[in-house]
Amino acid sequence: QVQLEEFGGGLVQAGGSLRLSCAATGRTFRTYAMGWFRQAPGNKREFVAAISWNGGSTYYADSVKGRFTISRDNAKNTMYLQMNSLKPEDTAVYYCVAGVAMGASDYWGQGTQVTVSS
């Protein structure tokens, strides 16, 4: 079992940066692949980024590639999403997920709001 909690959301101007954190509880954190999804108002949840259990592999949605960076620190049971060059269309609730493989989402956090103003 893994419990997830996101931190770091907020309001930022277009072109700015934010770093999201996801703190996980559970001794098995380092065995899970992790990732981020997001959901904008009126839209379906969409995949943002994923990272393998040891951080050796990462994968990004085309919409964020080159702007967002996913990373993890297994010693701290924490995953990060560095978001640069933010755009208004990045506005959404961002969810941290953990799963048995990259892209899987067996466990979800409660979400954190990111708002990018134009």
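Start counting the sequence shown at 1378; every next residue gets the next number (the working numbering).
The beta-carbon is built from N, C-alpha and C at its ideal position, and this holds for glycine as well.
Under 8 Å between the Cβ atoms of cysteine 1399 and leucine 1381?
yes
From Phe1445, Glu1466, Tyr1472, pick the residue whose C-alpha is nearest to that of aspartate 1483; which is it?
Tyr1472
Straight-line CA distance for leucine 1397 to glycine 1386?
6 Å
Under 8 Å Cβ to Cβ from valine 1474, same chain only, skipping five residues before and after it: list those, please.
Leu1381, Met1411, Gly1412, Trp1413, Phe1414, Ala1481, Ser1482, Asp1483, Tyr1484, Trp1485, Gly1486
Straight-line Cα distance separating serine 1495 from threonine 1455:
30 Å
If you draw a straight line from the alpha carbon of valine 1491 to that of lysine 1421, how long is it in whole angstroms?
16 Å
How is alanine 1401 classed by DSSP in three states: helix, strand or coil?
strand
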